[in-house]
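This note's numbering puts the sequence shown at residues 6 to 87. For each residue, glycine too, the CB sits at the ideal point set by N, CA and C. Beneath this line is the structure, given in structure tokens, with notes to follow.
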Amino acid sequence: EMENLTFADPRVAERMSRLKLLKVDVTSNSSADRELLKRFQLFGPPGILLFDATGTEAVAGRVIGYQPPEAFLERLDRVLGI
Numbered sequence: 006e007m008e009n010l011t012f013a014d015p016r017v018a019e020r021m022s023r024l025k026l027l028k029v030d031v032t033s034n035s036s037a038d039r040e041l042l043k044r045f046q047l048f049g050p051p052g053i054l055l056f057d058a059t060g061t062e063a064v065a066g067r068v069i070g071y072q073p074p075e076a077f078l079e080r081l082d083r084v085l086g087i
């Protein structure tokens, strides 16, 4: 849903164009996938984490599960300082 609805929203796409994006597929549930989920305290996809330029997670930007465009925009704006 995030891919098809939220990320497809032009406003979300514009905000996300200001960020460096990294997408990790953990759906194969390999040991490396499980280790990554554990490291970031996620139970499974989808999980979206936003980090600042120093590599520190912007906790206000953490999203677990689906968020509609409006809710996700609020998080992005908070993290981007808009």
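Same chain, Cβ closer than 6 Å to residue i, five either side skipped, listed in chain order
i          : result
residue 53 : 68
residue 18 : none
residue 51 : 7
Residue i, DSSP secondary structure in three states
i          : result
residue 62 : strand
residue 6  : coil
Residues of its chain near residue i, where Cβ-Cβ distance is below 8 Å and the 5 sequence neighbours each way are ignored
i          : result
residue 56 : 62, 63
residue 21 : 12, 81
Contact set for residue i: own chain, Cβ-Cβ below 7 Å, skip 5 residues either direction
i          : result
residue 59 : none
residue 39 : none
Status (buried if at least 16 other CB within 10 Å, exposed otherwise) for residue i
i          : result
residue 77 : buried
residue 46 : exposed
residue 84 : buried
Margin query: Under 8 Å, with one C-beta from each stretch per pair, do the region 35 to 52 and the region 9 to 19 reach the 3-pair mark?
Written below: Touching, no, given that fewer than three Cβ pairs across the two stretches are closer than 8 Å.
Item checked: Unbroken stretches of the alpha helix (DSSP H), 4 residues or longer, contained in the region 19 to 87 -> Runs of the alpha helix (DSSP H) inside the region 19 to 87: 36 to 44, 74 to 85.
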